[in-house]
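The structure appears below as structure tokens.
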Amino acid sequence: MKTRIALLALLLSIPAHVYAEEFMKAPAETKTTAEIVVAAEKEDVSGGLRSDPNVSSVEYRSSDVTAFVAWYNPYSGRAACHAYIYVLDETKGVWVRKLAKRYDGTPTLSVEFGRVITIRDYAGKAVQSYPKKIPAEQGGARQPATAVDSKSEGNEKPKPKSEGRSR
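In our numbering, the protein residues as written are 2 to 168.
Rendered as structure tokens:
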């Protein structure tokens, strides 16, 4: 009996964020995004609060990066979400986990993609950016994207090429 009480006291003394980090076990590297979702779904239902997982995910592809974000709220009566960010390593052909984190105070998250991945809480406040700093572009390594000339009909002049960057 004393052993049980001591064990319970020990478990209660462990901060919740330590448990969350132990709880988040999606693979460090994986071949498919489906494996990431399956791992997150197992985590989402492992507490026994529900039998059907509720994992949200989104994939983003650009000329610079291919990224995948998955998030879910495994708690009942608690505003907190778990999120993963993975980036595709094209040379190895695997998704590499870049972030596994719990966000307190929000029952859900939203994700924006651009030069960085921004994770926002329920109120729209940015709670995470990845990468934290935008890597400087190497001189001459990237050129702005240009639009293809459209064919003119009749007396119309061809449209000029765009000098802006595509999104």
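All residues carry an ideal CB built from backbone N, CA and C; glycine is no exception. Please read these numbers as outputs of a predicted model, since none were measured by experiment.
For Ala71, no alpha helix (DSSP H) run applies; the uninterrupted beta strand (DSSP E) run containing it begins and ends at Thr67 to Tyr73, by DSSP. Distance check between Thr119 and each of Ser64, Val59 and Arg79 places Val59 closest, using alpha-carbon atoms only. In the displayed model, Lys133 falls within coil according to three-state DSSP, outside both helix and strand. The DSSP-derived three-state label of Ala127 is strand. Cβ contact annotation for Phe114 (same chain, cutoff 6 Å, sequence separation greater than five): Tyr61, in chain order. Exposed is the label assigned to Ala35, since fewer than 16 other Cβ atoms lie within 10 Å of its Cβ. Taking 8 Å as the upper bound for CB-CB distance, Val117 and Ser130 are in contact here, some 5 Å apart.
DSSP places Thr107 in the coil class of the three-state scheme, outside both helix and strand.
Taking C-beta separations shorter than 6 Å and ignoring five residues to either side along the sequence, the partners of Glu30 in its chain run Val95 and Val97, following chain order.
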